[in-house]
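Reading the sequence shown from the start, the letters are residues 15 to 323 in this note's numbering.
Glycine included, each C-beta is placed from N, C-alpha and C at the ideal position.
The structure appears right after this line, and notes come after that.
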Amino acid sequence: MQSIWSRRGSLSSLEELFQDFVDQTSFMQYFKENWVPKLDMWLSTMKSLPLASQESCGAIEAYHLKLKLKIYDDSHLDALQRVDWLVHKLTTELHSNYWLDLYADESGSFQTVKEEYIYSTSWHRALQVPDDAVSFDEKECLFAKVVSQKDTTQLHVVWNPGSEFSFCDCSWSLQGNICKHIIKVNMLCQNQKNCPPSLSYQSFQQILLNLWRKPIDDSLTLDQSVAWATQIQDKIQRLVELTSTGDIANVVSNLPLKWVSRKERTVVGKPSDNTLSHPPLLMSDAKRKVVATKKKNRKRKRLCQIKSF
């Protein structure tokens, strides 16, 4: 996939694939009948559509896992084909958790609920695996071994490290999920010279090169694309600084100053204590009396009109 996507030796890569699976007759027959005729369309779709990162894939997988649990609980009710049942489940039991997470960010409360959801994702579990628990193949980087955190005598083998098509021999990965071993190995593959870059990185790089070589005719779209690229570049640069620096205080001191925090903007009826925010405009007592008398006169006029009817 790496060589075909990068337009280097597509036919030779297919021949190597056929040779590797020459003993799997049923799979090769299925692949030639269903995938080889549509290979160009599949590759063009992969190049045109944006590829999500592993963190996004882990979040989507956690969402699907919650949805499956809710569906399997009510599978005996014969309601899986009802749209109203799906809307009810999404709004009351599934999406309500994400709304609670959003409220926890804005208000600073219910942090335990948000932490439980974050800990349930494969991305966060991969962060708990130490770097020394991963060892790579020194010759061709065809596989990597990860020491299990529950049982140190057990090793998990991750094939195709650094690729979106990596797979592991653990039980969670064999069920078709993204396990923490794959994500941890792909994190470390960024520093490995033998491992090729991921398809998502190549796709992002190709989009930037196309914008640079052939600018968009629409000036508004061009400005928006440049703004997005600059914002992403700043975020990547800050992440690199956080991971490479030894003193986090130097990185924090260089961050831009926020005038008003998000909490103070979302709290209704609570004045901001930030000295950098604009002070509220206070109305004098005379103006308040004038406004109050005008409102009373309006109410009297409406009552008179109602009585006349």
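Element boundaries [alpha helix (DSSP H), containing V97]: Start and end: V97 to K103.
Beta-carbon separation (whole angstroms), K194 vs V143, contact threshold 8 Å: 6 Å between Cβ atoms; contact.
Bridge-paired residues (DSSP) for L169: Beta-bridge annotation (DSSP): L169 is paired with V161.
Whose C-alpha, out of Q189, L225 and I197, is nearest the C-alpha of S212? Of Q189, L225 and I197, the residue nearest in Cα terms is I197.
Can you pull the DSSP bridge partners for C182? Paired residues: V172.
Three-state secondary structure (DSSP) of F150: Here DSSP, grouped into helix, strand and coil, assigns F150 to strand.
Determine whether the beta carbon atoms of G72 and W137 lie at a separation below 8 Å. In contact: G72 and W137 (Cβ atoms closer than 8 Å).
Could you tell me whether the Cβ atoms of A243 and L223 are closer together than 8 Å? In this structure, A243 lies away from L223, with their beta-carbon atoms at least 8 Å apart.
Report the residue from N205, S40 and L28 whose alpha carbon sits nearest the alpha carbon of L53. Taking only the C-alpha atoms, the option nearest L53 is L28.
Does the distance from the C-beta atom of S177 to that of Q168 stay below 8 Å? Contact: no.
Using only the alpha-carbon positions, how far apart do H78 and E107 sit? When rounded, the distance between both Cα atoms is 13 Å.
Using only CA atoms, which one of C184, K249, F218 and N208 lies nearest to E154? With distances taken between Cα atoms, E154 lies closest to N208.
Counting only the same chain and skipping the five closest in sequence on each side, list residues whose C-beta sits under 8 Å from that of S187. Around S187: F181, C193, H195 and I196.
For Q33, three-class secondary structure by DSSP: Q33 carries a helical assignment under DSSP once its states are collapsed to helix, strand and coil.
H170 vs D183 beta-carbon contact at 8 Å: At a Cβ-Cβ threshold of 8 Å, H170 and D183 count as neighbours.
Alpha-carbon to alpha-carbon, P175 and Q204: Cα-Cα distance, rounded: 10 Å.
Specify, as a first and last residue, the run of the alpha helix (DSSP H) that E47 falls within. It spans T39 to N48 - the alpha helix (DSSP H) in which E47 sits, taken as one unbroken run.
For I192, the three-state DSSP class (helix, strand or coil): It is coil, neither helix nor strand.
Looking only at its chain, what residues have a beta carbon closer than 7 Å to the beta carbon of S40, apart from the 5 residues adjacent to it on each side? Excluding positions up to five away in sequence, the list is empty.
With H, G and I counted as helix, E and B as strand and the rest as coil, what does DSSP make of L156? In this structure, DSSP gives L156 a state outside helix and strand, which the three-state scheme calls coil.
Can the beta-carbon of V199 be found closer than 8 Å to that of A158? V199 is a Cβ neighbour of A158, given a cutoff of 8 Å.
Does V36 pass the burial test, meaning 16 or more other C-beta atoms within 10 Å, or should it be called exposed? Taking all protein chains in view, the Cβ of V36 is surrounded by fewer than 16 other Cβ atoms within 10 Å, so the residue is classified as exposed.
Candidates Y44, F179, K46 and S149: which alpha carbon is nearest Q206's? When only C-alpha atoms are compared, the closest one is S149.
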